[in-house]
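Here the sequence shown is numbered in UniProt numbering, starting from 1 and rising by one per residue.
Please read the structure below before turning to the comments.
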Amino acid sequence: MKLELEGRVALVTGASRGIGLAIAAALAAEGAKVALAARGSDALNAARATIGGQSSVHIADVTDADAAAALIQDVEQHWGRLDVLVCNVGSGASVPPGKETAAEWSRLMDLNFFASTNTIEAARPLMARGSGDRSIICISSIAGMAALGAPVTYYAAKAALNATVRGLARPLALEGIRINAVAPGNILAAEGTWARKLAENRAAVEDMLAREVALRRLGKPEEIADLVAFLASPRAAFITGSVMVADGGQLRS
């Protein structure tokens, strides 16, 4: 299926590795011009070399609202427009349930909620000035939809992100912008949590997959990227306000 993304400008935050890098590569493969954003210049430059196509590198910590605004200005100066925004910054690493502190709540909300809302707020005026199909996709988690053993701080932040996506769908639609979220399950990425867990105890991971996941395997970053690329495209022009699950059948409701 041709996704009709040729020539469109896409910004992917958290683009230096894992799911973010896979998303940037998928969009570039469809002919989009991709702005890659993250905090580290070395990893970003390596990512840019990996994805090919037309791309640019932008150093930014979007947990800071001013930095998110500066990032959008930088993208506008470089490309002149913004058609697709992928908010991918996030991390599930936190403290065990019952050990939360005010500082840890703030840290996880910054990473998993405010990083997205800061970028959406900064990008909205530029995207609203555009024409044709424009799309925002937030990378959430099934942890925002059910209690599955993840840290409570992570649950709460991703649940807030899902609610924000649903709540923004109507006002953004008036500006010609669609917004959706993708909620991955357990994804095996290089240097990620599941790569570490497999190295520590493969049998325990395989047992969990057999018990909890219908497809009995971990997902791939590319499988999430393909869904994001579809949602970013005019082929998904009638989809907004949705949280789409890609978890191999782990959720039961």
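Glycine is no exception: its CB is placed at the ideal position from the N, C-alpha and C atoms.
Exercise. Which residues in the same chain as residue 157 place their Cβ atom closer than 6 Å to its Cβ, once the five residues preceding and following it in sequence are excluded?
Worked result: Along the sequence shown, one-based indexing puts residue 157 at 157. The answer, listed in chain order, is 108, 109, 112 and 113.
For this session: Taking residue 35 and residue 78 to be in contact with their CB atoms under 8 Å, please state how far apart those CB atoms are, rounded to whole angstroms.
Result: Stepping through the sequence shown from its first residue, residue 35 is reached at position 35. Stepping through the sequence shown from its first residue, residue 78 is reached at position 78. Right, their Cβ atoms sit about 7 Å apart.
For this session: State the start and end residues of the unbroken beta strand (DSSP E) segment that holds residue 158.
Result: The residue you call residue 158 lines up with position 158 of the sequence shown. Careful: residue 158 lies outside any beta strand (DSSP E), inside the alpha helix (DSSP H) at 152-173.
Problem set entry | Best match in 198, 179, 200 and 67 for proximity to residue 241 [C-alpha to C-alpha] | By one-based count along the sequence shown, residue 241 stands at place 241. That would be 179, whose Cα lies nearest to the Cα of residue 241.
Exercise. Considering only residues of the same chain and omitting the five flanking positions on each side of residue 245, which have a CB-CB separation below 7 Å?
Worked result: Indexing the sequence shown from 1 puts residue 245 at position 245. These residues qualify, in order along the chain: 142, 183 and 251.
Exercise. Which runs of the alpha helix (DSSP H), 4 residues or longer, sit entirely within the segment 208-235?
Worked result: 221-232
Problem set entry | Backbone CA spacing between residue 226 and residue 23 [nearest angstrom] | Taking the sequence shown and counting its residues from 1, one reaches residue 226 at position 226. Taking the sequence shown and counting its residues from 1, one reaches residue 23 at position 23. Those two C-alpha atoms are separated by around 7 Å.
For this session: Check each candidate in 166, 186 and 91 and name the one with the smallest Cα separation from residue 221.
Result: The residue you call residue 221 lines up with position 221 of the sequence shown. Among 166, 186 and 91, the Cα nearest to that of residue 221 belongs to 186.
Problem set entry | Beta bridge counterpart(s) of residue 180 as assigned by DSSP | Stepping through the sequence shown from its first residue, residue 180 is reached at position 180. DSSP output for residue 180 lists 137 as bridge partner(s).
Problem set entry | Cα-Cα separation between residue 53 and residue 28, rounded to whole angstroms | Within the sequence shown, numbered from 1, the residue matching residue 53 stands at position 53. Within the sequence shown, numbered from 1, the residue matching residue 28 stands at position 28. For residue 53 and residue 28, the distance between alpha carbons rounds to 6 Å.
Problem set entry | Distance between residue 154 and residue 123 (C-alpha atoms, nearest Å) | Within the sequence shown, residue 123 is the residue found at index 123, counting from 1. Within the sequence shown, residue 154 is the residue found at index 154, counting from 1. Computed Cα separation, rounded: 25 Å.
Problem set entry | Beta-carbon proximity of residue 138 to residue 161, cut-off 8 Å | Position 138 of the sequence shown, counting from 1, holds the residue named residue 138. Position 161 of the sequence shown, counting from 1, holds the residue named residue 161. Contact: yes.
For this session: May I have the straight-line CA-CA distance separating residue 9 from residue 98, to the nearest angstrom?
Result: Residue numbering aside, residue 9 sits at position 9 when the sequence shown is read from its first letter. Residue numbering aside, residue 98 sits at position 98 when the sequence shown is read from its first letter. Approximately 43 Å, taken between the alpha carbons.
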